[in-house]
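Data first, discussion second: the structure below is written as structure tokens.
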Amino acid sequence: MTRNSSCHLLDMLAEVPDPRKKKGLRHPLPAMLGVLVVGLLCRQKGYTCIATWLRRQLALAKALGFRRKETPSGSTFHNLLKNLDVVKLEQTLTKWVMTTYQKHSVFESRLKAVAIDGKSLRGTDSEEFRRLHLLAAVSHELGIPLAQWAVGEKTNEIPVASQLLKHFDVAEKVITTDALLTQRGFCKDILTANADYALPVKANQKQLFEDIRDLFEPLSETDPRK
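Residue numbers for the sequence shown follow my numbering, so the first one is 7 and each next one is one higher.
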């Protein structure tokens with residue numbers, strides 16, 4: 007696939023506003039943001055590790071658009087990130103993921119399933135800050151996040167899950183979650199969005215659990231032979 011016919015990540019990252027002053031710029035913004043994405047996908051744990059790792063990846067640096075032999079240091083990434091428009095970056099990455107998701111041929115004939123799950127991020131629990139907890143929607147087939155939303159300290163995943171549905175194309179998909187999100191309001195929001203769901207039910211939801219058990223208990227594990 008050529009760059010012109012693909013949803014090229016670097017082209018989309020060029021849409022992110024550059025917060026740096028033009029005087030003295032040494033590295034293109036799309037290249038710096040691109041290597042952060044690639045570095046994280048390659049299990050580098052932060053911008054300092056990515057800066058060290060990039061020094062050994064000269065071919066990658068050239069492919070991403072770095073023009074100088076000397077690649078950015080960790081402090082260069084730090085100075086960029088502290089002034090970057092994070093919301094715009096999130097929107098750009100989401101746009102790229104959704105474009106890739108929609109173009110992928112695997113969805114022409116298969117069920118489109120999306121898992122919604124919450125995770126606490128490593129490295130965000132300190133004495134001053136609560137550990138950052140995100141609720142993410144992830145494609146079953148590709149294993150890529152389609153959207154994510156922070157779960158605030160004064161709330162939980164249940165109301166945030168309904169908000170998350172508004173941030174990606176839910177229509178004609180099957181939503182899966184853990185039992186925490188098996189809630190009537192959330193299920194209604196899924197159906198309203200022209201989607202469906204496959205959710206687990208535990209015994210702590212006594213009435214629903216018993217209704218399901220009573221419905222299926224008379225049936226055998228296999229279809230009766232004719």
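Glycine included, C-beta positions come from ideal geometry on N, C-alpha and C.
Query: Measure the alpha-carbon distance for residue 20 versus residue 124 and round it to whole angstroms.; Result: 30 Å
Query: Which term fits residue 154, buried or exposed, when burial requires 16 or more other beta carbons within 10 angstroms of its beta carbon?; Result: buried
Query: Run the CB neighbour count on residue 111, radius 10 Å, all protein chains shown included, and call it buried at 16 or more, exposed below.; Result: Confidence is the limiting factor: at residue 111 the pLDDT is only 48, short of 50, which leaves the residue's position unreliable, though a coordinate-based value still follows. With fewer than 16 other Cβ atoms within 10 Å, it is exposed.
Query: On a CA-only basis, which of 52, 51, 49, 76 is nearest residue 62? Give me that one, please.; Result: 76
Query: Ignoring anything shorter than 4 residues, give me the alpha helix (DSSP H) runs that lie fully in the stretch 143 to 199, in order along the chain.; Result: 163 to 170, 190 to 198
Query: Pull up the distance between the alpha-carbon of residue 24 and that of residue 91, whole angstroms please.; Result: 8 Å
Query: What do you reckon, are the CB atoms on residue 195 and residue 214 nearer than 8 Å?; Result: no
Query: Work out the CA separation of residue 101 and residue 73 for me, nearest whole Å.; Result: 27 Å
Query: Please tell me whether residue 26 and residue 86 are closer than 8 Å, where the distance is taken between their beta carbons.; Result: yes
Query: Quick check on the DSSP output: the alpha helix (DSSP H) that includes residue 101 runs from which residue to which?; Result: 92 to 109
Query: Residue 82 to residue 42, Cα distance in whole Å?; Result: 12 Å
Query: Compare the Cα-Cα distances from residue 209 to each of 225, 16, 186, 192 and report the closest residue.; Result: 186
Query: Determine the extent of the alpha helix (DSSP H) in which residue 212 is found, giving its start and end residues.; Result: 212 to 222
Query: I'd like the list of long-range same chain contacts for residue 22, defined as Cβ closer than 6 Å, with 5 residues on each side in sequence excluded.; Result: 94, 95, 98
Query: Where does residue 20 sit, in a helix, a strand or coil, going by DSSP?; Result: coil
Query: Taking all protein chains shown into account, do 16 or more other C-beta atoms lie within 10 angstroms of the C-beta of residue 183, making it buried, or fewer, making it exposed?; Result: buried
Query: Taking 8 Å as the limit between beta carbons, can you name the residues of its chain near residue 71, skipping five residues before and five after?; Result: 16, 34, 36, 37, 40
Query: Check whether the Cβ atoms of residue 146 and residue 120 sit closer than 8 Å, and answer yes or no.; Result: yes
Query: Distance, Cα to Cα, residue 69 vs residue 60?; Result: 12 Å
Query: I think residue 180 touches residue 201, with their Cβ atoms under 8 Å apart; what is that distance to the nearest whole Å?; Result: 7 Å
Query: Using CA coordinates, which residue listed in 150, 78, 204, 157 is at the minimum distance from residue 47?; Result: 150
Query: Suppose the cutoff is 6 Å on Cβ atoms and the five residues either side in sequence are ignored; what does the same chain contact list for residue 206 look like?; Result: 185
Query: Please go through the same chain and pick out, in chain order, the residues whose beta-carbon is closer than 6 Å to the beta-carbon of residue 108, but skip the five residues on each side of it.; Result: none
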